[in-house]
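First comes the structure, then the notes that go with it.
Protein chains: 2
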Amino acid sequence: MNKTAQTCTGQAVTMSDVARLAGVSKSTVSRALADSPLVNSQTRELIKSIARQHGYKVNLKARNFRLRQTHTIAVVIPLAHEAEQHISDPFFLDLLGSIADSLTDSGYDLLLTKEATDRASWLADVVDTQRCDGVILIGQSSQQETIDQVAKDFRKLVVWGAQLPGQHYCTVGSDNRLGGAMAVRHLLGRGRRRIAFLGNKALPEIALRHAGWADALREAGIRPDPLLEVPAHFGANAAYRSMVALIENGTGFDAVFATSDVIAMAAIRAMSERGITVPDDVSVVGYDDITMAAYYTPALTTVRQDTATGGRRLVECLLATLRGETPASVILPTELIVRRSCGAGESYQNQPTTSAARINSPSDCQR
Amino acid sequence: MNKTAQTCTGQAVTMSDVARLAGVSKSTVSRALADSPLVNSQTRELIKSIARQHGYKVNLKARNFRLRQTHTIAVVIPLAHEAEQHISDPFFLDLLGSIADSLTDSGYDLLLTKEATDRASWLADVVDTQRCDGVILIGQSSQQETIDQVAKDFRKLVVWGAQLPGQHYCTVGSDNRLGGAMAVRHLLGRGRRRIAFLGNKALPEIALRHAGWADALREAGIRPDPLLEVPAHFGANAAYRSMVALIENGTGFDAVFATSDVIAMAAIRAMSERGITVPDDVSVVGYDDITMAAYYTPALTTVRQDTATGGRRLVECLLATLRGETPASVILPTELIVRRSCGAGESYQNQPTTSAARINSPSDCQR
DNA sequence: TTGAAAGCGCTAACAG
DNA sequence: CTGTTAGCGCTTTCAA
Numbered sequence: 001m002n003k004t005a006q007t008c009t010g011q012a013v014t015m016s017d018v019a020r021l022a023g024v025s026k027s028t029v030s031r032a033l034a035d036s037p038l039v040n041s042q043t044r045e046l047i048k049s050i051a052r053q054h055g056y057k058v059n060l061k062a063r064n065f066r067l068r069q070t071h072t073i074a075v076v077i078p079l080a081h082e083a084e085q086h087i088s089d090p091f092f093l094d095l096l097g098s099i100a101d102s103l104t105d106s107g108y109d110l111l112l113t114k115e116a117t118d119r120a121s122w123l124a125d126v127v128d129t130q131r132c133d134g135v136i137l138i139g140q141s142s143q144q145e146t147i148d149q150v151a152k153d154f155r156k157l158v159v160w161g162a163q164l165p166g167q168h169y170c171t172v173g174s175d176n177r178l179g180g181a182m183a184v185r186h187l188l189g190r191g192r193r194r195i196a197f198l199g200n201k202a203l204p205e206i207a208l209r210h211a212g213w214a215d216a217l218r219e220a221g222i223r224p225d226p227l228l229e230v231p232a233h234f235g236a237n238a239a240y241r242s243m244v245a246l247i248e249n250g251t252g253f254d255a256v257f258a259t260s261d262v263i264a265m266a267a268i269r270a271m272s273e274r275g276i277t278v279p280d281d282v283s284v285v286g287y288d289d290i291t292m293a294a295y296y297t298p299a300l301t302t303v304r305q306d307t308a309t310g311g312r313r314l315v316e317c318l319l320a321t322l323r324g325e326t327p328a329s330v331i332l333p334t335e336l337i338v339r340r341s342c343g344a345g346e347s348y349q350n351q352p353t354t355s356a357a358r359i360n361s362p363s364d365c366q367r
Numbered sequence: 368m369n370k371t372a373q374t375c376t377g378q379a380v381t382m383s384d385v386a387r388l389a390g391v392s393k394s395t396v397s398r399a400l401a402d403s404p405l406v407n408s409q410t411r412e413l414i415k416s417i418a419r420q421h422g423y424k425v426n427l428k429a430r431n432f433r434l435r436q437t438h439t440i441a442v443v444i445p446l447a448h449e450a451e452q453h454i455s456d457p458f459f460l461d462l463l464g465s466i467a468d469s470l471t472d473s474g475y476d477l478l479l480t481k482e483a484t485d486r487a488s489w490l491a492d493v494v495d496t497q498r499c500d501g502v503i504l505i506g507q508s509s510q511q512e513t514i515d516q517v518a519k520d521f522r523k524l525v526v527w528g529a530q531l532p533g534q535h536y537c538t539v540g541s542d543n544r545l546g547g548a549m550a551v552r553h554l555l556g557r558g559r560r561r562i563a564f565l566g567n568k569a570l571p572e573i574a575l576r577h578a579g580w581a582d583a584l585r586e587a588g589i590r591p592d593p594l595l596e597v598p599a600h601f602g603a604n605a606a607y608r609s610m611v612a613l614i615e616n617g618t619g620f621d622a623v624f625a626t627s628d629v630i631a632m633a634a635i636r637a638m639s640e641r642g643i644t645v646p647d648d649v650s651v652v653g654y655d656d657i658t659m660a661a662y663y664t665p666a667l668t669t670v671r672q673d674t675a676t677g678g679r680r681l682v683e684c685l686l687a688t689l690r691g692e693t694p695a696s697v698i699l700p701t702e703l704i705v706r707r708s709c710g711a712g713e714s715y716q717n718q719p720t721t722s723a724a725r726i727n728s729p730s731d732c733q734r
């Protein structure tokens with residue numbers, strides 16, 4: 001087979017080949033290609049042009065192997081809590097996309113792993129088999145314990161989620177407690193009093209949003225009613241069923257704080273099918289501000305999570321751990337996007353995405 | 368540092384260590400761990416227990432390097448057509464999730480790459496640097512030419528998208544032309560005549576759906592009206608603007624065929640904001656059947672793309688190419704899910720996902 | 001400025 | 001059944 005201008009062919013041409021062709025040693029080729037100042041600039045240019053001519057590209061696998069690094073970051077989506085074994089939430093795609101962008105910019109590869117196994121060692125396995133330099137976990141799922149355990153001696157780990165007291169790893173996430181409180185305060189401000197909470201409290205982030213819900217209620221002198229706590233899991237179907245149950249068990253409510261936009265949409269549908277009008281009868285606030293939130297009917301009032309900076313921060317923190325640092329956890333600022341579903345009352349907007357009223361939190365801290 | 372029960376610590380323990388500890392040679396350890404029948408079962412057990420004791424796991428990077436394979440499949444999302452540089456469509460997450468599952472089942476790692484570059488070599492680069500055994504491309508974007516060029520000498524490539532005449536690579540995708548036709552026929556069946564088409568025809572899949580749109584119209588003796596072709600790009604914002612433009616330019620229409628559910632939702636919102644009621648004034652059919660389609664108001668009639676089997680087929684085909692085979696392209700059966708947005712007329716359903724009427728296509732062919 | 005040689009951690013002939 | 005040996009393709013001392 002002719003080796004000239006080889007491309008996309010499993011690259012039979014190696015560094016030795018280039019060396020032979022250029023009449024120099026492997027070492028020199030290696031240096032030249034790495035732009036080492038040690039090599040004569042003419043030799044370098046010669047080598048480079050020969051390499052180009054023959055479509056030679058450094059074999060990254062071999063390079064990384066020699067360097068004892070992988071230049072790869074594993075992004076793990078734990079699904080232990082997710083009965084449907086399915087990432088159904090657009091929020092995660094946004095975040096994943098942002099992580100992918102940042103990682104690419106930093107020259108790292110992204111190894112995507114879905115972990116639905118029950119093995120206690122699920123995380124340790126990813127880490128131990130040396131397929132990556134570090135790990136980004138999207139969500140804590142119900143695995144706080146396991147994660148913390150692993151984090152005790154594996155430091156190259158960053159997690160999207162809630163910052164829990166005493167944890168051994170760095171998290172990046174929104175200010176869930178404040179976010180929850182802002183949502184509920186807004187509903188209270190619109191005169192609502194019986195505010196249902198929809199979410200799976202087994203997840204740390206949701207537990208904090210729940211705490212925010214309770215905070216805001218107590219501020220207003222309202223005792224949180226356990227009957228209004230609905231254990232809606234992520235996933236539209238489960239949330240839909242939970243909402244139906246709430247409606248049918250006769251507990252009165254005039255507002256819903258849904259801990260994700262997907263849950264909010266499922267809830268609204270469950271209500272509208274039963275003749276309950278949003279926002280006239282019931283106000284709804286969601287969480288995430290996924291793209292579709294602005295396009296839903298009614299447009300969703302929601303607590304925005306900024307996936308773009310979230311992903312960037314996750315990567316920054318992870319790269320810091322790779323340098324041996326111990327980055328502080330990041331709590332992203334929280335913002336309430338006010339749209340129709342809470343009864344904003346104004347007439348429809350022309351540009352749903354931009355016209356929403358925003359209420360910023362004071363929190364833009366990095367703790 | 369004590370090496371006992373080492374875990375999550377960058378694994379300083381190697382196969383040689385285990386060999387020394389067990390008093391055998393590296394080769395024997397290698398064989399034992401691979402369950403080779405060549406090794407005495409007692410020796411094997413001894414070795415395995417020692418390995419376990421010391422938390423030893425085979426270094427996959429070294430293993431793969433030696434075997435000259437990567438056991439990694441790159442999943443590339445080309446974004447050349449996507450001005451927003453953002454995967455905003457939940458459909459892709461579903462597909463990605465399904466691919467991740469299938470790949471995991473087959474023991475392959477998934478390397479995720481977003482390609483937004485303009486370099487003509489974007490695909491060749493992924494392929495040439497030997498970071499993966501094969502490539503799955505999610506969507507053809509506007510890169511048919513480039514893809515086909517690469518595919519001419521790189522065979523380990525499978526693409527989600529449209530099957531184009533004479534192409535050199537294997538595709539998996541839904542029957543876009545039939546899907547488009549089914550959607551439009553259904554609208555015609557409900558008495559609609561002025562059926563707008565929303566989509567970016569630069570994408571091969573969308574071009575086929577457009578052909579289906581025209582097919583169905585002509586069958587009904589209607590000449591496709593160019594004024595009703597709206598170049599809506601993926602992404603809710605762009606689609607929203609396109610729809611506004613259509614409404615405002617005064618072209619009459621009584622139905623919309625949107626080439627994705629996200630586009631459909633944005634379109635519905637644009638209409639409802641302007642006092643146009645769906646489905647009373649205008650019927651809408653979408654494409655994809657993303658989870659949220661059932662939860663939108665009105666629930667969306669849509670052409671389902673089965674991401675679960677789609678992902679599985681993509682992986683099957685790719686593994687076939689890895690074995691040196693040349694798998695045939697796959698066209699998945701198309702199914703119309705009838706819900707409210709086209710004016711189905713029945714009262715609301717209790718279980719939106721399951722209660723929808725289905726119209727199956729005869730096409731389940733594998734060509 | 002360049003080359004020779006060693007070796008990353010593993011597997012697979014080959015030879016006992 | 002087991003050990004010895006020779007690399008995979010690359011980087012990096014060390015010596016010239």
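Same order as they appear, the protein sequences are chains A and B.
By the working numbering, the letter at position 40 of the first sequence is numbered 40, and the numbering carries on one by one without gaps.
Count along the second sequence starting at 1, add 367, and that's the number in the working numbering.
Glycine included, every Cβ here is placed at the ideal spot set by N, Cα and C.
Quick caveat: nothing in here was measured; it's all calculated off a predicted structure.
In this structure, the beta-carbon distance from Val-262(A) to Cys-342(A) does not fall below 8 Å. When DSSP states are grouped into helix, strand and coil, Phe-458(B) belongs to the helix group. The Cβ atoms of Ala-605(B) and Leu-575(B) do not sit closer than 8 Å to each other. Those residues of the region 507-522 of chain B placed with their C-beta closer than 7 Å to a C-beta in chain A are Val-517, Asp-520 and Phe-521, ordered along the chain. For Arg-304(A), the enclosing beta strand (DSSP E) has its first and last residue at 301-304. Between the beta-carbon of Ala-74(A) and that of Thr-113(A) there is about 6 Å, and that keeps the pair under the 8 Å contact cut.
Judged by DSSP in its simplified three-state form, Ser-142(A) adopts coil rather than helix or strand.
Measuring C-alpha to C-alpha distances from Cys-537(B) to each of Leu-565(B), Ile-503(B) and Ser-508(B) identifies Ile-503(B) as the nearest. Beta-bridge analysis with DSSP links Glu-316(A) to no other residue. Among the residues facing chain A, Tyr-536(B) is not included, as its CB has no counterpart in that chain under 8 Å away. Looking at the DSSP output, Gly-173(A) sits in a beta bridge with Ile-331(A). The continuous beta strand (DSSP E) containing Leu-565(B) extends over residues 562-565. Relative to Thr-410(B), the option among Val-391(B), Gln-534(B) and Arg-544(B) whose CA is nearest is Val-391(B). Annotated three-state conformation of Glu-273(A) is helix, per DSSP.
Cα atoms of Ser-27(A) and His-54(A): separation of roughly 18 Å, rounded to the nearest angstrom.
When the Cα atoms are used, Leu-388(B) and Ile-417(B) turn out to be separated by approximately 7 Å.
Contact of Gln-497(B) with chain A is assigned, a C-beta pair being separated by under 8 Å.
When DSSP states are grouped into helix, strand and coil, Ile-136(A) belongs to the strand group. Rounded to the nearest angstrom, the gap between the Cα atoms of Pro-204(A) and Glu-512(B) is 48 Å. Counting only residues of its own chain and dropping the five nearest sequence neighbours on each side, Pro-598(B) has a CB closer than 8 Å to the CB of Gly-566, Asn-567, Lys-568 and Ser-609. For Asp-384(B), the enclosing alpha helix (DSSP H) stretches over residues 382-389. Spanning the alpha carbons of Ser-488(B) and Arg-274(A) requires a straight line of approximately 55 Å. The Cβ neighbour count for Gly-653(B), taken over all protein chains shown within 10 Å, is at least 16; the residue is labelled buried.
Interface flag for Phe-234(A) against chain B is unset, since no Cβ pair is found closer than 8 Å. In the same chain as Asp-89(A), and ignoring 5 residues on each side of it, the C-beta atoms closer than 7 Å to its own belong to Phe-234, Ser-260 and Val-262, in chain order.
Counting only runs that start and end inside the region 580-662 of chain B, the beta strand (DSSP E) elements of at least 3 residues fall at 622-625 and 650-655. Beyond the five residues adjoining it in sequence on each side, Ala-675(B) comes within less than 7 Å, by CB distance, of Ser-465 in the same chain, given in chain order. In the three-state scheme derived from DSSP, where H, G and I count as helix and E and B as strand, Val-517(B) is classed as helix. Look at Leu-446(B) here: in three-state DSSP terms it is coil, with no helix or strand label. Under a 10 Å Cβ-count criterion, Ala-34(A) is classified as exposed, with fewer than 16 other Cβ atoms of the shown protein chains found around its own Cβ.
Cβ-Cβ distances below 6 Å link Phe-458(B) to Asp-655 and Ile-657 in the same chain, with the five nearest sequence neighbours on each side left out; the list follows chain order.
Short of 8 Å from the beta carbon of Cys-132(A), and not among the five residues preceding or following it, lie these beta carbons of its own chain, in chain order: Thr-70, Thr-72, Ile-73, Ala-74, Leu-111 and Val-126.
Here DSSP, grouped into helix, strand and coil, assigns Ala-401(B) to coil.
At a Cβ-Cβ threshold of 8 Å, Lys-415(B) and Ala-399(B) count as neighbours.
Per DSSP, the continuous alpha helix (DSSP H) segment holding Thr-43(A) begins and ends at 41-53. For Ala-695(B), the closest C-alpha among the options Phe-432(B), Val-623(B) and Arg-680(B) is that of Arg-680(B).
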